[in-house]
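Peer 1:
Residue numbers (mature numbering (1 follows the signal peptide of the UniProt record, and there is no 0)): -26 to -1, 1 to 696.
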């Protein structure tokens, strides 16, 4: 099979079956080759804060969900609200479906953060870049970038099947087939299904469904072809679907007195609970989400050695969610939300170089079309003399983004390298929305909020760049200093009569150190950084709806340390530490929870999702049994100090310090073809929240709970060469 050249371009050995294999430990830490800076280099040679995990690493450490990356990646924060997954790195993340951390699958930028569910299956590796990536990645990458690289076809036929059962009536199955179709064409197919028969957020109202139950299904096909000696192609087709009440929210803090003052409703006898993983919902919740992605990647090597790459992507996202909005036994509101998104992206780049200079230049285009409905149903005449529906929002949005970039690294000497890059981005947006109130039996809207239908057309542009210097020390370590810029696009507050919000910009200053110690048995990476933000974007609540506003200036100072080490012959230790000191500048904002206080000064308050201290720790022990089988036992822990979710710096806006511990035990047969994994996630049953509503809805603060303890078992059978 003549796919060797394609395998080489994927930066890792394609022949691996991408399953848990080789529990035996070498004397050196595995060198992981990455392409996060759009060129091939090892993690320790990359002048940037980056963490990379191979597919084997993910399986060995039991990382099967996006949220579990916090156990292996410094500064990584995962959140969830209304079923939408959000990522924050170094305190910078997503809200209002505009990510602050860019996510890509095989180079295709994901338009919606929640679509990353598909990326968690059958991976070759994951790369997490920390810090602004405005030069090589462009818009909405202020916090960093997460790149999922899927497993590619193998030279020989390989397949595997994995089945699992776990608490809360979880039953899962995953299958992979990989191999050649001809001498020049290979295929890899992966599919998975998870049935969650019992919800882990209990609805205490009799007769109504629990939350976090339902089904998840994923499918992906990768087809690669060596079209000629200097041209290869990769076609990928993926589908993801989830259904069921997938929102892990509950009431985090009760505010019954505040609820009474807002609604003027009698609330005596209303049932509300702050207990973790429990909620009173006088109504059923449901969701139905489908995501489809197709991509085509072409690699063409020119006669002069330069490489031309084309990445074409198409994405379709359909997201429906409905359920009670107040979290009480009254059932005051029922909300319905639906979002449709169609996104087309195209990147073309050309790269080349010699012993002294390496460079890349490219162009990027995106067309993103979205429509959204947000409806509140009123099952009782709470605010109006007759039942009906309160239609909050209908929105259509079309965004076109074009950019051009150039990046280079020049070797001044054998030990010194200089880097320089620049990107020019232009954004054009056409937005149309309406906020209207209807009642049953009345065809026309009773009230046109903000004048009914609003239409806005506007453009914005941004210039982002980077500069770096690298120095190889005499003992084989690398020291680097870098300056980088990023920006996050602005937008329209379609859900409230408020002005648009401006783009957010950041300038980052970072110094780092990377070294390989103990004859290759230990790697150490450290970085200190300072962020200066302008027009920092935050979410706030006006009335009962959320809007985006600009907080002015903000700063983040931080330090990161990452260590991976082989201790003795059978112990492996990995650890990460992040220290953050974040603060808003001069920023006045009105708190919906303290409306009588007027505008509050938030200067000096910590940024959202930016805990002062974050720790992740992984310890693995290998045992060779008399039968020839290998046993690997691992502990993974993640600690976060107090984390705030709003800018006002109030205790009720925060999650106290917490630690989550996962245990894994992998037993691999002597021939490596059968692997059994026992796991206990959240071993101590720690209760913590991963997201918090920006306002207060009726009876208390809505929050998304992290999953309680879950114990389970998985069995994987391999067929063919691994």
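No residue lacks a Cβ here, since even glycine has one placed at the ideal position from N, Cα and C.
Could you tell me the distance, in whole angstroms, from the CA atom of residue 170 to the CA atom of residue 178?
Peer 2: Within the chain shown, the letter at position 196 stands for residue 170. Within the chain shown, the letter at position 204 stands for residue 178. So the alpha carbons of these two residues sit roughly 19 Å apart.
Peer 1: Alpha carbon to alpha carbon, how far is residue 293 from residue 465?
Peer 2: Residue numbering aside, residue 293 sits at position 319 when the chain shown is read from its first letter. Residue numbering aside, residue 465 sits at position 491 when the chain shown is read from its first letter. Looking at the two C-alpha atoms, the distance is approximately 21 Å.
Peer 1: Hey, residue 438 and residue 412: beta-carbon distance below 8 Å or not?
Peer 2: Here residue 438 refers to the residue found at position 464 of the chain shown. Here residue 412 refers to the residue found at position 438 of the chain shown. Not a contact, by the Cβ cut-off of 8 Å.
Peer 1: Assess contact between the segment 597 to 615 and the segment 59 to 79, defined as three or more Cβ pairs (one per stretch) separated by less than 8 Å. Is contact present?
Peer 2: no
Peer 1: Using the Cα positions of residue 76 and residue 601, report the straight-line distance between them to the nearest angstrom.
Peer 2: On the chain shown, residue 76 is found 102 positions in, with the first residue counted as 1. On the chain shown, residue 601 is found 627 positions in, with the first residue counted as 1. Using only the alpha carbons, I get a separation of about 46 Å.
Peer 1: Counting along the chain, where does the beta strand (DSSP E) carrying residue 574 start and finish?
Peer 2: As a first step, residue 574 must be located in the chain shown, where it is residue number 600. Element bounds for residue 574: 573 to 575.
Peer 1: Could you tell me which of 374, 5 and 478 sits nearest to residue 433, measuring between CA atoms?
Peer 2: Residue 433 sits at position 459 when you count from the first residue of the chain shown. When each option's Cα is compared against that of residue 433, the closest is 374.
Peer 1: Work out the CA separation of residue 529 and residue 504 for me, nearest whole Å.
Peer 2: Stepping through the chain shown from its first residue, residue 504 is reached at position 530. Stepping through the chain shown from its first residue, residue 529 is reached at position 555. Annotation: residue 504 to residue 529 spans about 7 Å, alpha carbon to alpha carbon.
Peer 1: Within 10 Å of its beta-carbon, does residue 240 have 16 or more other beta-carbons around it, so buried, or fewer, so exposed?
Peer 2: Within the chain shown, residue 240 is the residue found at index 266, counting from 1. Since pLDDT at residue 240 reaches only 45, below the 50 mark, its modelled position is unreliable, and the value read off the structure follows with that caveat. Classification for residue 240: exposed.
Peer 1: Given this structure, state the Cα-to-Cα distance separating residue 100 from residue 41, to the nearest angstrom.
Peer 2: Numbered from its first residue, the chain shown carries residue 100 at position 126. Numbered from its first residue, the chain shown carries residue 41 at position 67. Taking the straight line from one Cα to the other gives about 13 Å.
Peer 1: How big is the Cα-Cα spacing for residue 36 and residue 638?
Peer 2: Position 62 of the chain shown, counted from the start, is the residue given in the question as residue 36. Position 664 of the chain shown, counted from the start, is the residue given in the question as residue 638. Computed Cα separation, rounded: 7 Å.
Peer 1: Within its chain, find whatever has a CB closer than 6 Å to the CB of residue 297; leave out the 5 residues flanking it on each side and keep chain order.
Peer 2: Taking the chain shown and counting its residues from 1, the one referred to as residue 297 is at position 323. These residues qualify, in order along the chain: 259.
Peer 1: For a quick check, are the C-beta atoms of residue 283 and residue 198 less than 8 Å apart?
Peer 2: As a first step, residue 283 must be located in the chain shown, where it is residue number 309. As a first step, residue 198 must be located in the chain shown, where it is residue number 224. No, the Cβ-Cβ distance between residue 283 and residue 198 is not below 8 Å.
Peer 1: Any idea what DSSP makes of residue 218, helix, strand or coil?
Peer 2: What you label residue 218 is simply residue 244 of the chain shown in a count that begins at 1. Coil.
Peer 1: Shortest alpha-carbon distance to residue 687 belongs to which of 143, 98 and 510?
Peer 2: The residue given as residue 687 occupies position 713 in the chain shown. The shortest C-alpha separation from residue 687 is found at 143.
Peer 1: In the DSSP assignment, what are the bridge partners of residue 283?
Peer 2: Translated into positions along the chain shown, residue 283 becomes position 309. Note: residue 283 is bridge-paired with 273 and 323 in the DSSP secondary-structure output.
Peer 1: Take residue 430 as the anchor and find which of 454, 219 and 369 has the nearest alpha-carbon.
Peer 2: As a position in the chain shown, residue 430 is number 456, starting the count at 1. Comparing Cα-Cα distances from residue 430 to each of 454, 219 and 369, the minimum goes to 369.
Peer 1: By the DSSP assignment, the alpha helix (DSSP H) with residue 31 in it spans what residues?
Peer 2: Counting from 1 along the chain shown, the entry for residue 31 is found at position 57. Run containing residue 31: 29 to 34, per the alpha helix (DSSP H) assignment.
Peer 1: Looking at the structure shown, is residue 340 part of a helix, part of a strand, or coil, going by DSSP?
Peer 2: Within the chain shown, the letter at position 366 stands for residue 340. Strand.
Peer 1: Where do the N-terminal and C-terminal ends of the beta strand (DSSP E) with residue 540 fall, by residue?
Peer 2: Your numbering for residue 540 matches position 566 in the chain shown. Residues 528 to 541.
Peer 1: Would the segment 443 to 455 count as touching the segment 389 to 401 if we require 3 or more Cβ pairs under 8 Å?
Peer 2: Segments in contact, yes.
Peer 1: According to DSSP, residue 207 sits in a beta bridge with which residue or residues?
Peer 2: Here residue 207 refers to the residue found at position 233 when the chain shown is read from its first residue. 199 and 272, per the DSSP bridge assignment.
Peer 1: How far does the beta strand (DSSP E) with residue 136 in it extend, from its first residue to its last?
Peer 2: In the chain shown, residue 136 corresponds to position 162, counting from 1. Its beta strand (DSSP E) spans residues 132 to 140.
Peer 1: Tell me the rounded alpha-carbon separation between residue 388 and residue 450.
Peer 2: Position 414 of the chain shown, counted from the start, is the residue given in the question as residue 388. Position 476 of the chain shown, counted from the start, is the residue given in the question as residue 450. Cα to Cα, residue 388 sits roughly 12 Å from residue 450.
Peer 1: Can you list, in chain order, the residues of its chain with a C-beta nearer than 6 Å to that of residue 591? Leave out the 5 residues immediately preceding and following it.
Peer 2: Position 617 of the chain shown, counting from 1, holds the residue named residue 591. Cβ neighbours of residue 591 beyond the five flanking positions: 549 and 611.
Peer 1: Should the segment 2 to 20 be called in touch with the segment 485 to 495, which here means at least 3 C-beta pairs below 8 Å?
Peer 2: yes
Peer 1: If you follow the beta strand (DSSP E) that residue 647 is in, where does it begin and where does it stop?
Peer 2: Locating residue 647 in the chain shown gives position 673, where the first residue counts as 1. Where residue 647 is concerned, there is no enclosing beta strand (DSSP E), given that its DSSP letter is neither H nor E.
Peer 1: To the nearest angstrom, how far is it from the Cα of residue 133 to the Cα of residue 652?
Peer 2: The residue given as residue 133 occupies position 159 in the chain shown. The residue given as residue 652 occupies position 678 in the chain shown. Roughly 22 Å separates the two Cα atoms.
Peer 1: Sort out for me which residues DSSP pairs residue 311 with in a bridge.
Peer 2: Here residue 311 is taken as the residue at index 337 of the chain shown, counted from 1. 295 and 348, per the DSSP bridge assignment.
Peer 1: Tell me, please, whether the segment 613 to 633 touches the segment 656 to 666 by the rule of three or more beta-carbon pairs shorter than 8 Å.
Peer 2: yes
Peer 1: I believe residue 291 touches residue 85 by the beta-carbon criterion, under 8 Å. Please report the beta-carbon distance rounded to the nearest angstrom.
Peer 2: On the chain shown, position 317 is the one that residue 291 refers to. On the chain shown, position 111 is the one that residue 85 refers to. Between residue 85 and residue 291 the Cβ distance is about 7 Å, and since that is below 8 Å, they are a contact.
Peer 1: Whose C-alpha, out of 308, 344, 336 and 331, is nearest the C-alpha of residue 318?
Peer 2: Position 344 of the chain shown, counting from 1, holds the residue named residue 318. Nearest of 308, 344, 336 and 331 to residue 318, Cα basis: 344.
Peer 1: Ordered along the chain, which non-local residues of its own chain (more than five positions away) have a Cβ less than 6 Å from that of residue 326?
Peer 2: Taking the chain shown and counting its residues from 1, one reaches residue 326 at position 352. Same-chain partners within the cutoff: 280.
Peer 1: If you reduce the DSSP assignment to three classes, tell me which class residue 466 lands in.
Peer 2: As a working note, residue 466 is residue 492 in the chain shown. Coil.
Peer 1: I need the DSSP call for residue 400, collapsed to helix, strand or coil.
Peer 2: Here residue 400 corresponds to residue number 426 of the chain shown, with the count starting at 1. Note: residue 400 maps to strand in three-state DSSP.
Peer 1: Once you ignore the five residues that flank residue 109 on each side, which residues in its own chain have a CB closer than 8 Å to its CB?
Peer 2: The sequence position of residue 109 within the chain shown is 135, counting from 1. Counting only Cβ-Cβ distances below 8 Å, and skipping sequence neighbours, we find 379, 381, 395, 396, 397, 438, 439, 440, 458 and 459.
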